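So the structure is just underneath, and the comments pick up after that.
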Amino acid sequence: MAVDGIHTKRDRETVTLKQVAERAGVGIMTVSRVINTPEAVSDKLKARVNEAVRELGYVPNRYAGSLASARTSLVTVIVPSLSGRVFGEIIKGADEILSPRGYQIMVSNTAYSLEDEELVCRRVLGWRPEGVIISGIDHTEGTRRLLLDAEIPVVEALELGGNPIDINIGLSHRDAGRAAVDHLLERGYRQLSFIGAQMQIDFRAQRRRQGFLDGLAAAGLQAVHDISFDGKVAFEAGAAAFAQLQDTGEATDAVFCVSDELAIGVLGEAQRRGLRVPQDLAIIGFNDLDVSSAVMPALTTIRSPRKQMGRLAAQALLGDGDLAKKIDVGFELIPRGST
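For the sequence shown, full-length UniProt numbering assigns the number 339 to the last residue and increments by one with no breaks.
In structure tokens:
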């Protein structure tokens with residue numbers, strides 16, 4: 001039983017790494033490094049952490065560490081898809097920071113399923129990763145609880161949200177959708193349409209669409225066509241969606257697509273139908289894939305700094321520098337020949 005003014009061993013064990021980190025104003029991984037590899041940490045940082053340790057009465061559970069090492073050197077990256085370059089660039093950016101520091105990345109795929117994401121979290125946390133980078137801000141309550149209870153640094157990447165689990169690095173996809181509308185209106189287009197895919201499961205795509213609709217509403221306009229389907233994001237899907245749009249007979253002079261793959265499919269179908277781009281039809285995509293600058297005309301698109309997000313996420317996990325808990329990396333609209 002605890003006695004007022006005296007911390008018993010059991011009392012001290014209830015103090016967590018997270019509490020020490022909050023008291024010291026650093027990341028959880030930084031506290032872990034001070035405790036386990038103090039030679040790798042500056043004297044100033046060690047002093048801050050050790051002062052918090054003393055104030056809180058924290059005692060590391062060395063017995064638990066003897067059964068399962070407190071250091072696994074694993075960082076888990078959880079993504080909704082393993083195909084394409086989008087998520088690969090985030091992983092690459094993180095690895096460029098983590099690998100030289102002796103960390104191994106373990107990648108898990110959720111296939112855009114929140115339920116699968118929770119199962120993945122439950123499984124990978126059993127490997128005792130020292131940090132987690134997870135895509136997006138939409139999770140089940142079970143996933144949030146698992147990550148909070150793990151008491152390790154967590155970075156939600158790719159998108160900004162209002163209630164982050166720990167650290168949040170990303171951009172506003174809603175603002176990106178609105179930027180597409182603003183660009184088209186500035187170029188004189190007025191009959192705008194939207195084409196999206198996987199809209200039931202891709203929350204970032206949903207927000208791009210909402211931003212597109214917001215931009216139209218602000219200008220006193222409505223979408224001529226708003227086509228969303230659950231199929232795979234692919235060139236063929238974009239072509240099929242544009243064919244469906246054209247076959248209605250309702251004229252449109254600009255299309256915003258939720259991805260570059262769809263936009264390039266629209267471009268091909270428009271050219272097959274004898275439409276001139278951008279004179280008869282303007283097209284904007286999202287992601288700035290390599291192929292987007294190679295098609296004719298080159299595709300106007302919205303670029304997000306995916307590799308930079310991966311690097312920043314890794315730096316945040318490591319506690320490098322004085323990074324904020326929420327970082328807006330922004331986006332860039334790249335005007336090219338298609339508008």
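C-beta atoms are modelled at their ideal positions from N, C-alpha and C, and glycine is treated no differently.
Please read all numbers here as calculations on a predicted model, not as lab measurements.
Report the CB separation of residue i from residue j in whole angstroms; it is logged as a contact under 8 Å.
{"i": "P153", "j": "K326", "result": "Not confirmed; about 14 Å, so no contact."}
{"i": "S193", "j": "V295", "result": "With a Cβ gap of about 20 Å, S193 and V295 do not count as contacting."}
{"i": "E250", "j": "V224", "result": "6 Å"}
{"i": "I78", "j": "T110", "result": "6 Å"}
{"i": "I264", "j": "Q244", "result": "Contact doesn't hold; Cβ gap of about 17 Å is too wide."}
{"i": "G211", "j": "D175", "result": "6 Å"}
{"i": "A24", "j": "V49", "result": "5 Å"}
{"i": "E141", "j": "T72", "result": "Their Cβ separation, rounded to whole angstroms, is 26 Å, which puts E141 and T72 out of contact at 8 Å."}
{"i": "L333", "j": "H183", "result": "6 Å"}
Taking the alpha-carbon of residue i as reference, which of the options has the nearest alpha-carbon?
{"i": "V233", "options": "L245, S83, T300, V224", "result": "S83"}
{"i": "residue 341", "options": "Q104, E39, I137, R145", "result": "Outside the displayed range of the chain (1 to 339) lies residue 341, so it cannot be described from this structure."}
{"i": "G27", "options": "A324, S338, I334", "result": "A324"}
{"i": "Q268", "options": "P38, A241, E130", "result": "The sequence shown places Gly at residue 268, not Gln. With distances taken between Cα atoms, G268 lies closest to A241."}
{"i": "T339", "options": "M309, R272, D247, R190", "result": "R190"}
{"i": "Q246", "options": "L221, L275, Q222, G220", "result": "L275"}
{"i": "E156", "options": "R178, G337, V329", "result": "V329"}
{"i": "V75", "options": "H183, V132, M309, E186", "result": "V132"}
{"i": "Y103", "options": "E117, K46, L318", "result": "L318"}
{"i": "R207", "options": "F286, A282, I134", "result": "F286"}
{"i": "Q279", "options": "E151, S293, G161, T252", "result": "T252"}
Between which two residues does the alpha helix (DSSP H) harbouring residue i extend?
{"i": "H173", "result": "173-186"}
{"i": "G211", "result": "203-218"}
{"i": "N36", "result": "28-36"}
{"i": "F242", "result": "235-247"}
{"i": "G88", "result": "86-98"}
Would you list the residues sitting across from residue i in a DSSP beta bridge?
{"i": "N163", "result": "DSSP output for N163 lists no bridge partner at all."}
{"i": "R303", "result": "E332"}
{"i": "G326", "result": "Here residue 326 is Lys; the residue named in the question, Gly, does not match the sequence. N168."}
{"i": "G196", "result": "S228"}
{"i": "L74", "result": "Q104"}
{"i": "V154", "result": "V132"}
{"i": "A270", "result": "The partner list for A270 (beta bridge, DSSP) is empty, contrary to what the question assumes."}
Beta carbon of residue i: closer than 7 Å to some heavy atom of the ligand SAM?
{"i": "E156", "result": "Only the bare structure without any ligand can be found here, which leaves the ligand SAM out of the picture."}
At least 3 beta-carbon pairs within less than 8 Å: the stretch 233-242 vs the stretch 258-271: yes
Is the stretch 166-178 close to the stretch 303-312, with three or more CB pairs under 8 Å? yes
Touching or not, the stretch 73-91 and the stretch 40-55, by the rule of three or more beta carbon pairs under 8 Å? no
Is the stretch 110-125 touching the stretch 85-95, taking contact as three or more C-beta pairs under 8 Å? no
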